[in-house]
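Colleague:
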Amino acid sequence: MDLDAFRELLAPDGRRALAEAVDLVAAGAEPVAAVTTLRKAYSPALTSAALTQATLRRRAEAKFGADAAVMYFTPHGLEQATRAEVAAHRAGRVTGSGPAFGAAPRVLDVCCGIGGDLVALARAGCPVDAVDLDPLTAEVARANAAALGLPAPVRVRTADAAECDPSGYDLVFADPARRSARGRTFDPMAYSPAWPAVLELVARSRAACVKVAPGIPYEFIPDGAEAEWVSYKGEVKEAAIWAGTGCAGMEPGRRRATLLPSGATLTPNGAEAVAGPVGRYLYEPDGAAVRAHLVAEVAEIVKGHLLDPRIAYITGDHAVATEWAACYEITEVMPFSLKRLRAALRERDVGNVTIKKRGSAVDIERLRKDLRLSGANSAVVALTRIGDRPYALLCRTAGPC
102 MDLDAFRELL APDGRRALAE AVDLVAAGAE PVAAVTTLRK AYSPALTSAA
152 LTQATLRRRA EAKFGADAAV MYFTPHGLEQ ATRAEVAAHR AGRVTGSGPA
202 FGAAPRVLDV CCGIGGDLVA LARAGCPVDA VDLDPLTAEV ARANAAALGL
252 PAPVRVRTAD AAECDPSGYD LVFADPARRS ARGRTFDPMA YSPAWPAVLE
302 LVARSRAACV KVAPGIPYEF IPDGAEAEWV SYKGEVKEAA IWAGTGCAGM
352 EPGRRRATLL PSGATLTPNG AEAVAGPVGR YLYEPDGAAV RAHLVAEVAE
402 IVKGHLLDPR IAYITGDHAV ATEWAACYEI TEVMPFSLKR LRAALRERDV
452 GNVTIKKRGS AVDIERLRKD LRLSGANSAV VALTRIGDRP YALLCRTAGP
502 C
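For the sequence shown, my numbering gives the first residue as 102, with consecutive numbering after it.
(1) Just verifying my parser: in three-state terms, what is the DSSP assignment at Asn245?
(2) Starting from Met351, follow its DSSP beta bridges and name the residues at the other end.
(3) What are the partner residues of Asp504, as DSSP defines its beta bridges?
(4) Does the count of Cβ pairs from the stretch 137 to 149 and the stretch 113 to 124 closer than 8 Å reach three?
(5) So Val229 and Leu222 are in contact, right, with Cβ under 8 Å, and what is the actual spacing, rounded?
(6) Give a yes or no on whether the C-beta atoms belonging to Ala389 and Trp330 are separated by under 8 Å.
(7) Report, in whole angstroms, the separation of the C-beta atoms of Ala182 and Gly217, which I expect to be a contact under 8 Å.
(8) What is the C-beta distance between Ile431 and Thr485, in whole angstroms, given that I count them as a contact (C-beta under 8 Å)?
(9) Across which residues does DSSP place Pro386 in a beta bridge pair?
(10) Would you give the residue range spanned by the beta strand (DSSP E) that Ile465 belongs to?
(11) Ends of the beta strand (DSSP E) at Arg357?
(12) Reducing DSSP to helix, strand and coil, say where Leu503 ends up.
(13) Using the rule of at least 16 other Cβ atoms within 10 Å of the residue's Cβ for burial, across every protein chain shown, is Tyr319 buried or exposed?
(14) Would you grab the beta carbon distance between Asp409 and Ala462 for me? Rounded to a whole angstrom, and I think it's under 8 Å.
(15) Rounded to the nearest angstrom, what separates Lys470 and Thr455 at their Cα positions?
(16) Could you please give me the residues that DSSP links to Gly345 through a beta bridge?
(17) Specify whether the stretch 287 to 306 and the stretch 164 to 180 touch according to this definition: at least 3 beta carbon pairs, one from each stretch, less than 8 Å apart.
(18) Based on Cα-Cα distance, which residue from Val399, Cys227, Glu424 and Pro323 lies nearest to Ile415?
(19) Just to confirm, are Leu152 and Asp114 a CB contact at a threshold of 8 Å?
(20) Can we say the stretch 352 to 365 touches the stretch 323 to 339, given the rule of at least three CB pairs closer than 8 Å?
(21) Quick check on DSSP: helix, strand or coil for Phe274?
(22) How would you write the range of the alpha helix (DSSP H) that Arg224 sits in, first residue to last?
(23) Compute every distance between the C-beta of Arg449 and the non-hydrogen atoms of the ligand GTP, then say whether any falls below 7 Å.
(24) Report all residues from its chain with a CB closer than 6 Å to the CB of Pro386; omit the five preceding and five following residues, and keep chain order.
(25) Tell me the residue span of the beta strand (DSSP E) that contains Leu209.
(26) Counting along the chain, where does the beta strand (DSSP E) carrying Pro576 start and finish?
(27) For Thr286, which beta-bridge partners are listed by DSSP?
(28) Please tell me whether Ser363 and Glu424 are closer than 8 Å, where the distance is taken between their beta carbons.
(29) Taking just the CA atoms, how far does Thr368 sit from Arg285?
(30) Alpha carbon to alpha carbon, what distance is there between Val311 and Val195?
(31) Is the distance from the Cβ of Tyr429 to the Cβ of Arg497 below 8 Å?
(32) Considering Cα atoms alone, identify which of Asn453, Arg473, Ser438 and Arg443 is closest to Arg490.
(33) Drop a sphere of 10 angstroms on the beta-carbon of Lys458, count the other beta-carbons inside from all chains shown, and report buried for 16 or more, exposed for fewer.
(34) Counting only runs of 3+ residues fully inside the stretch 411 to 457, write out the beta strand (DSSP E) ranges in chain order.
(35) In chain order, what are the residue ranges of uninterrupted alpha helix (DSSP H) at least 4 long that sit wholly in the stretch 112 to 164?
(36) Identify, in the order they occur along the chain, each residue of the same chain with its Cβ nearer than 7 Å to the Cβ of Ala493, setting aside the five sequence neighbours on each side.
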């Protein structure tokens, strides 16, 4: 979809075409049938644009809920857009800063994409000036701001983030594109704009928040910044680098893990990660705590210790309910052997097995096929390494946890 086709979609005929396309997609119409139906009244370009938007809106419901029904998207824009709950959490940190920013902190949103974060910021009361290098993406963000009737003023324009002037703004929010010609990239130097340009913009800002991939190497986090990893319903979604002064709860150099939707936060408290013998329970820390190097703090919560000092599995003799870790009761520990593991599972009449691994080189899908299970019961198998030896831990979900 190009810019002209998208603008046509916003005109009266385009809105009618989109409404019909949404109904066809919701009814499960086959693509050829949907195209044939719309082509009776609309041009090929408008038909294609309408069906593309209808399909993207359907996919966007997982990230944007009811808002998706009136929003506009591009495929890449939807993929990189922040989930609404995560964006709301971040906006809450900005507006929760009180006198540091004033009643309504003014935000410059660079690399705004289709506008997921600017929507949350404006709903939290922040006036937002947003820019994106791609004219189509900027137009989509502008349309979303208009469609949602945001309470704070929003301006969107086409511009290069690296050339923006952050003076006059309380905070700069940056979401550099993490895609290259080859697809998604995990190298910050391949972001657009590249990492040095992002850091230069941050350095010129009073305060800044940069959204990055959760696997960002620690050496890319600037000195004095806070790094926050955010998990939503047990899945790590992203990390954010907070820099400058005034952001709610921000402490220079601190690591933070945040769980959504609860909003629980974990930060370093001096706990030390020690290893010890296998206990009655196995704890699998939430990925945000693992990424933030806060496994020792989780071990302290559950009164446990590590199975191995290099691996993020915790064990202990106490069943402790916590949202910071999944808990399993260990029923057997064995050195890893396909033959022995298969025999143990068949002895327990296991046909459905959940396989987890940390510190193991085993191919899970290949192992699942090789086990050839057909029983009536379920089990959890955790593959790991203790010292230099591979182990398999047979477990069941622990009720109290």
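Ideal Cβ placement from N, Cα and C applies to all residues, glycine included.
Modeller: Reading off the structure:
(1) On the sequence shown, residue 245 is found 144 positions in, with the first residue counted as 1. Three-state result, Asn245: helix.
(2) Position 250 of the sequence shown holds residue 351. Met351 is not bridged by DSSP to any residue.
(3) The shown model of the chain, from 102 to 502, leaves out residue 504, and the question about it has no answer.
(4) Result yes; three or more Cβ-Cβ pairs closer than 8 Å.
(5) Locating residue 229 in the sequence shown gives position 128, where the first residue counts as 1. Locating residue 222 in the sequence shown gives position 121, where the first residue counts as 1. 5 Å between Cβ atoms; contact.
(6) Working through the sequence shown from its first residue, we reach residue 389 at position 288. Working through the sequence shown from its first residue, we reach residue 330 at position 229. In contact: Ala389 and Trp330 (Cβ atoms closer than 8 Å).
(7) Against the sequence shown, residue 182 aligns to sequence position 81. Against the sequence shown, residue 217 aligns to sequence position 116. About 4 Å separates the two Cβ atoms, so the contact holds.
(8) Along the sequence shown, read from residue 1 onward, the residue named residue 431 stands at position 330. Along the sequence shown, read from residue 1 onward, the residue named residue 485 stands at position 384. About 12 Å separates the CB atoms of Ile431 and Thr485; that is not less than 8 Å, and the two are not in contact.
(9) Here residue 386 is taken as the residue at index 285 of the sequence shown, counted from 1. Partner residues in the beta bridge of Pro386, as assigned by DSSP, are Ala426.
(10) Position 364 of the sequence shown holds residue 465. Unbroken run through Ile465 is the alpha helix (DSSP H), Ile465 to Leu472; no beta strand (DSSP E).
(11) As a first step, residue 357 is located in the sequence shown; it is residue number 256 there, counting from the start. In the DSSP assignment, Arg357 falls within the unbroken beta strand (DSSP E) covering Arg356 to Leu361.
(12) Nothing about residue 503 can be read from this structure; the chain reaches only from 102 to 502.
(13) Position 218 of the sequence shown, counted from the first residue, corresponds to residue 319. It counts as exposed.
(14) Reading the sequence shown from its first residue, position 308 is the one you call residue 409. Reading the sequence shown from its first residue, position 361 is the one you call residue 462. In fact, because the Cβ distance is near 15 Å, the residues do not count as touching under 8 Å.
(15) Indexing the sequence shown from 1 puts residue 470 at position 369. Indexing the sequence shown from 1 puts residue 455 at position 354. Going from the Cα of Lys470 to the Cα of Thr455 covers about 13 Å.
(16) Within the sequence shown, numbered from 1, the residue matching residue 345 stands at position 244. For Gly345, which the question treats as bridged, DSSP gives the partners Ala308.
(17) The stretch 287 to 306 makes no contact with the stretch 164 to 180: fewer than 3 CB pairs, one atom from each, lie closer than 8 Å.
(18) Working through the sequence shown from its first residue, we reach residue 415 at position 314. Ranking the options by Cα distance to Ile415, first place goes to Val399.
(19) Here residue 152 refers to the residue found at position 51 of the sequence shown. Here residue 114 refers to the residue found at position 13 of the sequence shown. In this structure, Leu152 sits away from Asp114, with a CB-CB distance that is not shorter than 8 Å.
(20) Verdict: yes, contact present.
(21) Numbered from 1 along the sequence shown, position 173 holds the residue referred to as residue 274. In the structure shown, the three-state DSSP call for Phe274 is strand.
(22) Translated into the one-based positions of the sequence shown, residue 224 becomes position 123. Counted as a single uninterrupted DSSP element, the alpha helix (DSSP H) harbouring Arg224 occupies residues Gly217 to Arg224.
(23) Absence of the ligand GTP is noted for the structure shown, with no ligands found whatsoever.
(24) For the purposes of this step, residue 386 is taken as the residue at position 285 of the sequence shown. Within its own chain, the residues whose Cβ lies closer than 6 Å to the Cβ of Pro386, once the five positions on either side in sequence are excluded, are Val396, Val399, Ala413 and Ala426, listed in chain order.
(25) If you number the sequence shown from 1, residue 209 lands on position 108. Element bounds for Leu209: Val208 to Val211.
(26) Given a span of 102 to 502 for the chain in the structure shown, any question on residue 576 remains unanswerable.
(27) By one-based count along the sequence shown, residue 286 stands at place 185. Beta-bridge pairing links Thr286 to no other residue.
(28) Working through the sequence shown from its first residue, we reach residue 363 at position 262. Working through the sequence shown from its first residue, we reach residue 424 at position 323. Yes. Within cutoff.
(29) Your numbering for residue 285 matches position 184 in the sequence shown. Your numbering for residue 368 matches position 267 in the sequence shown. In a straight line, the C-alpha of Arg285 is about 30 Å away from that of Thr368.
(30) The sequence position of residue 195 within the sequence shown is 94, counting from 1. The sequence position of residue 311 within the sequence shown is 210, counting from 1. Straight-line measurement puts the Cα of Val311 at about 13 Å from the Cα of Val195.
(31) The count along the sequence shown starts at 1 and reaches residue 429 at position 328. The count along the sequence shown starts at 1 and reaches residue 497 at position 396. Taking 8 Å as the Cβ cut-off, Tyr429 and Arg497 qualify as a contacting pair.
(32) The sequence position of residue 490 within the sequence shown is 389, counting from 1. Measuring C-alpha to C-alpha distances from Arg490 to each of Asn453, Arg473, Ser438 and Arg443 identifies Ser438 as the nearest.
(33) Residue 458 sits at position 357 when you count from the first residue of the sequence shown. Residue burial is scored here from C-beta neighbours: Lys458 has at least 16 other C-beta atoms within 10 angstroms and is therefore classed as buried.
(34) Within the stretch 411 to 457, the runs of beta strand (DSSP E) that reach at least 3 residues and sit entirely inside it are, in chain order, 412 to 417 and 426 to 436.
(35) Counting whole runs of 4 or more residues, the stretch 112 to 164 contains the alpha helix (DSSP H) stretches 113 to 127 and 132 to 140.
(36) Within the sequence shown, numbered from 1, the residue matching residue 493 stands at position 392. Excluding its 5 nearest sequence neighbours in each direction, Ala493 has C-beta neighbours in its own chain below 7 Å: Met435, Phe437, Leu442, Val482 and Leu484, listed in chain order.
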